[in-house]
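Below is one structure, written out as structure tokens; the observations come after it.
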Amino acid sequence: MSSEEIDIYQPPHHIQTNAHCKSMRDYEAMYKDSIENPTDFWHKIAQTFYWKKLPSLENFSTYNFNSSRSPITIKWMSDGITNVCYNVLDRNVYERKIGDKVAFYWEGNDPKDSSKITYAELLKEVCKFANVLKSKGLTRGDRVAIYMPMIVELLVAMLACARLGIIHSIVFGGYSKESLGNRIQAARAAVIITADGTWRGDKLLNIKEVADGAIDSCASSGFKVEHCIVVRHVTANHNAGENADMDKIGCRPTNKIQFSWQAGRDVWYDDEMSRASDICDVQWMDAEDPLFILYTSGSTGRPKGIMHSQAGYMVYVATTFKYVFDYKEDDVYFCTADIGWITGHSYVCYGPMANGATSVIFEGVPFFPDSSRYWQIVEKYKVNKFYTAPTAIRALMKFGDDFVTRCDRSSLEILGSVGEPINSEAWLWYHNVVGAGRCAIVDTFWQTETGGHLITPLPGATPTKPGSATFPFFGVEPVLLSEDGHVIEGQGEGHLAFKRPWPGMMRAIYENYSQFVSSYFKKFPGYYACGDGARRDKDGYLWITGRIDDMLNVSGHLISTAEVESVLAHHPSIIESAVVAKPHKVKGECLYCFVTLKNGEKFDKELVASIKNLVRVKMAPFAQPDYIQEAPSLPKTRSGKIMRRILRMVAVGDRNIGDTSTLADESVIEELFRLRVE
Ligand code: WT7
């Protein structure tokens, strides 16, 4: 079915009547204003925040997207002085007077484990932990690595960094010790904050052991981690009961986990907190100072340390959260993303907190104890705004409707999707089954680099089409470009690029200007090229078609083929490899690896298992390939470039390869089809 025949879903009436933006007319007027008068538009919004010094209207935003003229720069509100932690905590307690409002409900992996924390309590914890960080000698501009499960202390740690102007670099808790070690070293973070462990379904993960491995790998390449602060989460707590502030039931303690302890370097979070004062002034920051670094895959294989600013990021994530989730005071919002990803930074922590929202955070997985878990959480907390990824929706769809419908979901109003294109089947199931046909679906397109939503419906305004991210958010000006850089007007398909920055856009790749330019600004001078393709239909709706660079999207995790190939290069039996994406029913895409073996090596079950395991251990479990195929040789052009287009067709078994005349040796194709694995 083509997009032109797809049904259009009008915004649900009950959402529309009270929405911040109530119609397409409203949206279009506001959008026009944001494009024609960006300074006034964003200045008005900025004024609703707390500033030590309000940014002036003059030079409110300056930028250059053309690197041949002068260096790429992106600046917003640069003479403003503020503090993000103050705005998401102190302002809620002292100005909005919502100190007693629950900031976070914590839902443990075990349904019996839960707790909650109010804004005032969280502020106290953050002040205490900021004092702990100070006592380790940390100050403004230093980097701290955070490797933690989804627990309240993770929020405390990141906000304490923000309070002091320390740049946090959070690494997703599923990454391996190698990946973590590389990221610690790249940011030269002398302090790491971690936890003893976490439960994910029936698996107990030894987080501290991974952190130790990462610290060791740093040491062996000459970088010393001075302090490791460990949150006691799964091991028995000698201070149990004393932490009354946090109303914490905590996780069932276990003695099944063991790790080493290096006195002097390793300290327990609760020991440090018990000695810390709960008064801590904020460090006032320049608007353009960095707030955090977050690593994302780069198509060259080297992870990119995406750097976000203080003020622009704060204003943008708060505004997108308000409009896209149509924030209301009594909302209970549940975003299933891990804080270790940008979705967690922007839409678990900073965006909702800047609005004073009540959120649920969840330690576990959607299938434990059974596949009803998300909907049990929705029922338990009366969640009305829910945000998850297409891969989760597709995975849950497989188990049938009953797991959903047996839970009370009458509180639900808005259902968000993020991470990859959502196919119309998943969209319709989300809408019809999860939302019982009453909810607005918001398919939000954005990236680690963009800080917040770029292309998204507004729930009270935008008529939606299943699978389309619809229209740009305020201040965002997308264009479609042809391969040779011409703007495609009206209906058509091309590279998705952006003409100007919005406040929440990244400012840099940490200490790597040339990678910054080559990744985003080189191919189409004057534009930010995001690496995705998109199509505009006859009604002007945008449809994201997926990555057009050498990146894969596995269950919403962006993985670079080059990075996997560089891991495979370490395998003793492999001389060369090429990795491509293969469509996968649940994960969206999965990895299909072609490997050329050294002379005399045998391609068998053991070898395949060892290759899969290598990627799992060196990168992360989510990067584990689904298919390994032997390739006596790879299809290459005469200049030696691997033709991935052909490999993608072999992976899916499509023999309509088309023109192969640029291949150095056309006979390899037959051989590849013969050795294809299903
Ligand atoms: C890539 C960015 C944004 C937070 C999570 C991922 C893909 C993301 C959508 C969507 C189609 C999407 C793109 C993008 N993507 N959301 N709604 N529709 N594609 O952040 O790891 O930086 O990945 O995810 O390919 O470039 P990320």
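So the numbering used here is basically just the index in the sequence shown, starting at one, shifted up by 1115.
The beta-carbon is built from N, C-alpha and C at its ideal position, and this holds for glycine as well.
Here the structure is a predicted model, which is why all the values come from computation and not from measurement.
- In this structure D1769 is exposed. Its beta-carbon is surrounded by fewer than 16 other beta-carbon atoms within 10 angstroms.
- In the DSSP assignment, L1611 is bridged to L1595.
- When R1211, V1432, I1187, P1226 are compared, the shortest CA-CA separation from F1477 is found for P1226.
- Relative to ligand 1, the nearest heavy atom lies less than 7 Å away from the CB of L1673.
- Per DSSP, the beta-bridge partners of T1197 are M1400.
- Exclusion of the five residues before and after F1287 leaves D1453, G1455, W1456, A1735 as the residues of its chain whose Cβ lies within less than 8 Å of its Cβ.
- For P1536, the distance from the CB to the nearest heavy atom of ligand 1 is below 7 Å.
- In this structure G1534 touches A1504 by the C-beta definition: roughly 4 Å separates them, less than 8 Å.
- Relative to ligand 1, the beta carbon of S1532 is positioned inside 7 Å of a heavy atom.
- Non-local beta-carbon contacts of Y1642 in its own chain, meaning distances under 8 Å to residues more than five positions away in sequence, involve F1180, V1594, L1596, A1612, F1613, K1614, F1636 in chain order.
- According to the DSSP secondary-structure assignment, W1221 is paired through a beta bridge with S1230, I1476.
- With contacts defined by Cβ atoms closer than 8 Å, S1412 and V1732 do not form a contacting pair.
- Remark: C-beta atoms of P1126 and G1575 approach each other more closely than 8 Å.
- In this chain, the alpha helix (DSSP H) harbouring Y1431 covers 1426-1439.
- For R1258, the shortest C-beta to heavy atom distance toward ligand 1 is 7 Å or greater.
- Between A1302 and R1278, the C-beta spacing is not below 8 Å.
- The C-beta of Q1162 has fewer than 16 other C-beta atoms within 10 Å across all chains shown, which makes the residue exposed.
- According to the DSSP assignment, A1310 belongs to no alpha helix (DSSP H) but to the beta strand (DSSP E) extending over 1306-1310.
- Closest option to V1475, judged by alpha-carbon separation, among I1285, F1586, K1231: K1231.
- If you look at D1654, you'll find it isn't in any beta strand (DSSP E); DSSP assigns it neither H nor E.
- Boundaries for T1752: no alpha helix (DSSP H) harbours it, and the DSSP string shows neither H nor E there.
- Considering only R1211, N1174, V1493, N1152, the residue with the shortest C-alpha distance to F1164 is R1211.
- Contact between P1587 and I1570 holds: CB atoms are separated by about 5 Å, below the 8 Å threshold.
- Our two residues, S1675 and D1665, have alpha carbons roughly 6 Å apart in a direct line.
- When DSSP states are grouped into helix, strand and coil, P1505 belongs to the helix group.
- In the three-state reduction of the DSSP assignment, Q1630 falls in the helix class.
- At least one heavy atom of ligand 1 lies closer than 7 Å to the C-beta of Q1562.
- Note: S1675 is bridge-paired with M1666 in the DSSP secondary-structure output.
- Residue range 1153-1161 is occupied by the alpha helix (DSSP H) that includes H1158, with no beta strand (DSSP E) assigned at that position.
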